[in-house]
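Each residue of the sequence shown is one higher than the last, beginning at 1 in the UniProt record's numbering.
Just so you know, even glycine gets a beta-carbon here, dropped at the ideal spot from N, CA and C.
The structure under discussion appears below in the form of structure tokens.
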Amino acid sequence: MNKIEHLGIAVHDLEASNALFEKLMGVPHYKIEEVASEGVRTSFFKAGPNKIELLQAIDDNSPIAKFLEKRGEGIHHIAFAVDDIVAEIERLVQEGFSVLNTTPKKGADNKLVAFLHPKGTNGVLIELCQEVPDLGEELPQ
1 MNKIEHLGIA VHDLEASNAL FEKLMGVPHY KIEEVASEGV RTSFFKAGPN
51 KIELLQAIDD NSPIAKFLEK RGEGIHHIAF AVDDIVAEIE RLVQEGFSVL
101 NTTPKKGADN KLVAFLHPKG TNGVLIELCQ EVPDLGEELP Q
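Shown next, in the form of structure tokens:
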């Protein structure tokens, strides 16, 4: 794991939260996108090397909707940047961690992602992130 790539924060209202975080960080969000496979709309902020991802549920059955219902707004996950997500998943499985998706999937902000179950990481959902390879490179299987 190279660094903390971003912190994910679950929110009820993305527009209101965008306004709040723009005031807080002193910069506007640089991207809004929908990740239909996860049932979310996301917004990204960056100040220096630090990134925040705001996540709003667009599907009542999405993981974010369930999180908000159970815990309310707040930190949802910590994402770590990795160079080789497939190798990192294999390493973590060998170390005994429970990986929620052993095959990386397309996430927000041009990333391949995988998640570790929070029961094995002191209650914190961990996301692994790898930049999507150039078009000339093959995606992991």
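Beta-bridge partners of residue i, as assigned by DSSP
i: Asn50; result: Ala47
i: Arg111; result: Checking the sequence shown, residue 111 turns out to be Lys, not Arg. Answer is Glu131, bridged to Lys111.
i: Lys106; result: Leu112
i: Arg41; result: Glu34, Gln56
i: Val86; result: In DSSP, Val86 forms no bridge with anything.
i: Val99; result: Leu116
Of the residues the options, the one placed nearest residue i, counting alpha carbons only
i: Ala10; options: Ala57, Glu127, Gly123, Leu20; result: Ala57
i: Gln130; options: Lys119, Ile89, Glu34; result: Ile89
i: Arg71; options: His12, Glu5, Ile126, Ile78; result: His12
i: Gly26; options: His76, Phe45, Leu55, Lys66; result: Phe45
i: Ala81; options: Glu127, Leu55, Ala87, Leu20; result: Glu127
i: Val40; options: Ile78, Leu55, Ala47; result: Leu55
i: Leu92; options: Ala114, Ala108, His77; result: Ala114
i: Thr121; options: Asn2, Val99, Ile4, Asp109; result: Val99
i: Pro118; options: Thr103, Gly96, Pro133; result: Gly96
i: Ile4; options: Asn50, Leu125, Val35, Glu22; result: Asn50
i: Ala79; options: His29, Leu116, Glu69; result: Leu116
i: Glu34; options: Val86, Ile64, His77, Leu125; result: Ile64
For residue i, the first and last residue of its enclosing beta strand (DSSP E)
i: Glu127; result: 125-131
i: Leu7; result: 3-10
i: Val35; result: 31-35
i: Pro80; result: It is Phe, not Pro, that sits at residue 80 in the sequence shown. From DSSP, the beta strand (DSSP E) with Phe80 extends over 74-81.
Cβ-Cβ distance between residue i and residue j below 8 angstroms
i: Lys111; j: Ser37; result: no
i: Ile32; j: Thr42; result: yes
i: Leu20; j: Ile75; result: no
i: Asn2; j: Asp83; result: yes
Chain D contact for residue i (CB, 8 angstroms cutoff)
i: Glu22; result: Of the protein chains in this structure there is only one, and it is not chain D.
Residue i, enclosing alpha helix (DSSP H) - first and last residue
i: Phe21; result: 14-25
i: Pro28; result: That residue, Pro28, is in no alpha helix (DSSP H); it is neither H nor E in DSSP.
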